[in-house]
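Trainee: What follows is a structure written as structure tokens; I'll ask about it next.
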Amino acid sequence: MQVRTEHPPVDAEVLRFLADRTAVLPTESIVILGVGQTLKGDDGAGPVLCERIRNRVAAHVIDAGTIPENYVQPIVRLGPRLLLIVDASDFGAPPGTIALLAPERISRVSTGTHGLSPRLFVDLIRRQVETECWFLAIQPQQIRLGEGLSPPIRGAVDRLAQALIGLLG
10 MQVRTEHPPV
20 DAEVLRFLAD
30 RTAVLPTESI
40 VILGVGQTLK
50 GDDGAGPVLC
60 ERIRNRVAAH
70 VIDAGTIPEN
80 YVQPIVRLGP
90 RLLLIVDASD
100 FGAPPGTIAL
110 LAPERISRVS
120 TGTHGLSPRL
130 FVDLIRRQVE
140 TECWFLAIQP
150 QQIRLGEGLS
160 PPIRGAVDRL
170 AQALIGLLG
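Numbering (the numbering used here), first residue to last: 10 to 178.
Printed below as a string of structure tokens:
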């Protein structure tokens, strides 16, 4: 019997990776950075995730909004061993898909709603502190001004929040 769910669970490989990495690190050495614009539909996935997990995980949670470059020095001061950046990113998958992307797979050219490209942002941090960095990219459905998260992205944020709370709570 095949069961079809509206919102698939967090990809098993992503969850396994997060479980493996977070199990060997002190939670205070982990930073979760949400990036995005809550006024532009699904682009708000990162900040909404931060809101959902803040005070529910032992890791540092930072909502950078659309200006992550303003958080380079605060992140460097925390000296994370693992930096997870959560952002809505169009990588051609079905809406609500969560992908784990290495910074090296991200373009150095800014093509999103944020000023500095994500890869240059990571490069700025890595010049000052040795850290492992990964993007948790959520495939958006729509990025329209004035709309909230679409149902698939709301579901993805909920699933990712539950996974992170389970691992780091």
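Don't be surprised by glycine CBs; every beta carbon is placed ideally from N, CA and C.
Please read all numbers here as calculations on a predicted model, not as lab measurements.
If you compare alpha carbons, which of 47, 90, 21 is closest to residue 137?
Mentor: Stepping through the sequence shown from its first residue, residue 137 is reached at position 128. Of the candidates 47, 90, 21, the one whose C-alpha sits nearest the C-alpha of residue 137 is 90.
Trainee: Does the Cβ of residue 83 have 16 or more other Cβ atoms within 10 Å, making it buried, or fewer, making it exposed?
Mentor: To locate residue 83, count along the sequence shown from 1; it is residue 74. The residue in question, residue 83, is exposed, as its Cβ has fewer than 16 Cβ neighbours within 10 Å.
Trainee: Looking only at C-alpha atoms, which of 29, 158, 100 sits nearest to residue 115?
Mentor: Working through the sequence shown from its first residue, we reach residue 115 at position 106. Taking only the C-alpha atoms, the option nearest residue 115 is 100.
Trainee: Taking all protein chains shown into account, do 16 or more other C-beta atoms lie within 10 angstroms of the C-beta of residue 175, making it buried, or fewer, making it exposed?
Mentor: Numbered from 1 along the sequence shown, position 166 holds the residue referred to as residue 175. Exposed, by the Cβ-count rule.
Trainee: Do you know offhand how far residue 161's Cα is from residue 70's?
Mentor: For the purposes of this step, residue 161 is taken as the residue at position 152 of the sequence shown. For the purposes of this step, residue 70 is taken as the residue at position 61 of the sequence shown. So the two alpha carbons sit approximately 23 Å from each other.
Trainee: When DSSP labels each residue in this structure, what does residue 100 get in the three-state scheme?
Mentor: Translated into positions along the sequence shown, residue 100 becomes position 91. The answer is coil: DSSP assigns residue 100 none of H, G, I, E or B.
Trainee: Tell me which residues share the same chain as residue 61 and place their Cβ nearer than 7 Å to its Cβ, disregarding the 5 neighbours each side in the sequence.
Mentor: Here residue 61 refers to the residue found at position 52 when the sequence shown is read from its first residue. Cβ within range, chain order: 166, 170.
Trainee: Flag this pair as yes or no: are the beta carbons of residue 88 and residue 46 separated by less than 9 Å?
Mentor: Position 79 of the sequence shown, counted from the first residue, corresponds to residue 88. Position 37 of the sequence shown, counted from the first residue, corresponds to residue 46. No, the pair does not count as a contact, with Cβ atoms beyond the cut-off.
Trainee: Taking the continuous alpha helix (DSSP H) assigned at residue 131, which residues delimit it?
Mentor: On the sequence shown, residue 131 is found 122 positions in, with the first residue counted as 1. Element bounds for residue 131: 127-135.
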